[in-house]
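Peer 1:
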Amino acid sequence: MWFGVLAVGMPLALWLVLPFLWRQTLSMSGFAGEPGTVVVGSCEEVHVERDSYQYTCSGAFFPDGSAVPAGTATLRPSYEHPAEGTRFTVRRNGSTAATKSTPELVLGTGFMVALATIPALAACYFAVMAVLGRPGTRYATGFLIGLFTASAIWALALLGGLVTWIVGA
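Here the sequence shown is numbered in the working numbering, starting from 19 and rising by one per residue.
#1: When the distance is taken between beta carbons, is F106 closer than 8 Å to L93?
#2: How about the segment 69-85 and the segment 99-118: do they share at least three Cβ pairs that are nearer than 8 Å?
#3: How big is the Cα-Cα spacing for F144 and G160?
#4: Would you mind working out which of N111, E98, H99, S96 sits nearest T90, comparing C-alpha positions?
#5: CB-CB under 8 Å to S60, same chain, minus the five flanking residues each way: which ones, in chain order?
#6: 8 Å is my cut-off, CB to CB: does T167 come that close to chain D?
#7: Based on the DSSP output, what are the partners of R105 in its beta bridges?
#8: Use the C-beta contact count for S119: other C-beta atoms within 10 angstroms, 16 or more gives buried, fewer gives exposed.
#9: Where DSSP assigns a beta bridge to L93, which residues make up the other side?
#10: If contact is defined by three or more beta carbon pairs under 8 Å, each pair taking one atom from either stretch, is the segment 161-175 in contact with the segment 121-136?
#11: Can you tell me whether S169 is helix, strand or coil according to DSSP?
#12: Is the Cβ-Cβ distance between R109 and F38 less than 8 Å?
#13: Are the beta-carbon atoms of S45 and Q72 separated by less than 8 Å?
#14: Considering just the uninterrupted stretch of the beta strand (DSSP E) at A78, what are its terminal residues?
#15: Per the DSSP calculation, V131 is bridged to which residue(s)?
Have a look at this one:
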């Protein structure tokens, strides 16, 4: 019985979570949101580790085709310190803006697919076990099948992200 419940419940949970993950992936990689330009007004230095710093910059946000700012936006943290007045072409979501990054899109998509693979394959396994009526089957087996497959998908996504970063797409 529990195999049947899991076989139905896990895809339902995926159906609810995946759209949120996809919107986050598009937003964080700069492929979704209101298009415009951020003009850097100030930056804050954030200590990351021993001799490493990131900079969180914010400034006026100008929507595409407008000479009038529509509020402010904060850029995602960066290891580079842009000068005041530097312009960035961005996509704004709420108060956060991101520049387009194909490597981040590839990594985010790969992570999302890999994460979805675990419960999807486990649900398939549970459905087969429910149909076959094998009560002694271990629940962990379904998750392990999904986990190993997800690891392979995530490795491919990392490789794809690295290649797009090197090629400069």
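Backbone N, C-alpha and C fix where the C-beta goes; we use that ideal spot for every residue, glycine too.
Peer 2: Short version:
#1: yes
#2: yes
#3: 7 Å
#4: N111
#5: C75, S76, G77, E102
#6: Annotation note: the requested chain D is absent from the structure, which comprises a single protein chain.
#7: V57
#8: buried
#9: A115
#10: yes
#11: helix
#12: no
#13: no
#14: 70-81
#15: For V131, which the question treats as bridged, DSSP gives no partner whatsoever.
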